[in-house]
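Have a look at the structure below before the remarks.
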Amino acid sequence: MPLPAIEQTATSVPPAVLLANHLKALKLPTFVREHEKVALEAAQDRADYPRYLLRLCELERIDRERRMVERRIRMARFPHTKSFDTFDFGAQPSLNKALVLELARGDWIEQRRNVIALGPSGTGKTHAALALGLAACQKGQSVAFTTAAALVHDLMEARDERRLRTLQKHLASVKLLILDELGYVPFTAVGGELLFEVLSQRYERGSTLITSNLPFDEWTSVFGSERLTGALLDRLTHHVHILEMNGESFRLASSQKRRKNKEAATSHN
7 MPLPAIEQTA TSVPPAVLLA NHLKALKLPT FVREHEKVAL EAAQDRADYP
57 RYLLRLCELE RIDRERRMVE RRIRMARFPH TKSFDTFDFG AQPSLNKALV
107 LELARGDWIE QRRNVIALGP SGTGKTHAAL ALGLAACQKG QSVAFTTAAA
157 LVHDLMEARD ERRLRTLQKH LASVKLLILD ELGYVPFTAV GGELLFEVLS
207 QRYERGSTLI TSNLPFDEWT SVFGSERLTG ALLDRLTHHV HILEMNGESF
257 RLASSQKRRK NKEAATSHN
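Residue 7 is where the sequence shown starts when you use this note's numbering, and the numbers rise one by one after that.
In structure tokens form, the structure reads like this:
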């Protein structure tokens, strides 16, 4: 079938304006921004039309992927972004560095496995969780980050406002749910049951990453029910990677370092 003839447009409109309008309508912002520059480079290199078009397509794709990563990061609602480039593995000798870097590749999310990071406050659990979440966003995975206390609050509020099903559906749909600081605040019976329901809905459907300052045998103090806690742990630990983080507290070490520097500066004066 022959292609339709291109409709002739009034000559009063410059071709450059028409081109920009068409590219905007086609949602090709990088083409709009780069086509003149790439045309000059192609002319200098004596590149043919296919190579010129190929270069523009490459730039468009790179920019589109960058925007998609940025959107996933915004949707994740990280309190701040962290990567493993700034993670001090030396301060956490109990942490399996090889496993952590393997997890950063994201295969465990495709396999719908879970990760639980356990250790005292200040040992880098949240940093590791944020870094794994960032890596997941960069790999094309949808992520949602929240603290355990904030999520329970949101669930109870959604229940009272008759939008619980909508929130549960969203939490079940993300590829990776990061639940930070489980164990810092105990839940009411209703709150514990609502959180249990969310995590149960994700069982073998999506990956969950939990950080906690409590060993598993103390989780009952958070949920208030041995039956509920046992059922939850059965689901979470069925397909799980455990990150043991029992090294020196990053925050304590940083505080001590600042104190020593201050004392040294004072003594020199």
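By construction, the Cβ of each residue, glycine as well, lies at the ideal position given by its N, Cα and C atoms.
V158: member of the alpha helix (DSSP H) spanning 154-166, first to last residue. Judged by DSSP in its simplified three-state form, N27 adopts helix. For S213, the enclosing beta strand (DSSP E) stretches over residues 213-218.
If you ignore the 5 residues before and after R83, its C-beta comes within less than 6 Å of the C-beta of F151, all in its own chain and listed in chain order. DSSP places A134 inside the alpha helix (DSSP H), whose first and last residues are 131-144.
Per DSSP, the continuous beta strand (DSSP E) segment holding H247 begins and ends at 246-250. Note on geometry: alpha-carbon atoms of Y190 and G198 lie some 14 Å from one another. Per the DSSP secondary-structure output, A150 pairs in a beta bridge with L183.
A buried status is given to L183, since no fewer than 16 other beta-carbon atoms sit within 10 Å of its beta-carbon. A straight line joining the alpha-carbon of L205 with that of E76 spans about 27 Å.
In the three-state reduction of the DSSP assignment, V75 falls in the helix class.
Annotated as proximal: T36 and I68, with beta-carbon spacing under 9 Å. Residue state for V121 is assigned as strand, using DSSP reduced to three classes.
With contacts defined as CB atoms closer than 9 Å, V44 and R61 qualify as a contacting pair. A straight line joining the alpha-carbon of P126 with that of S227 spans about 16 Å.
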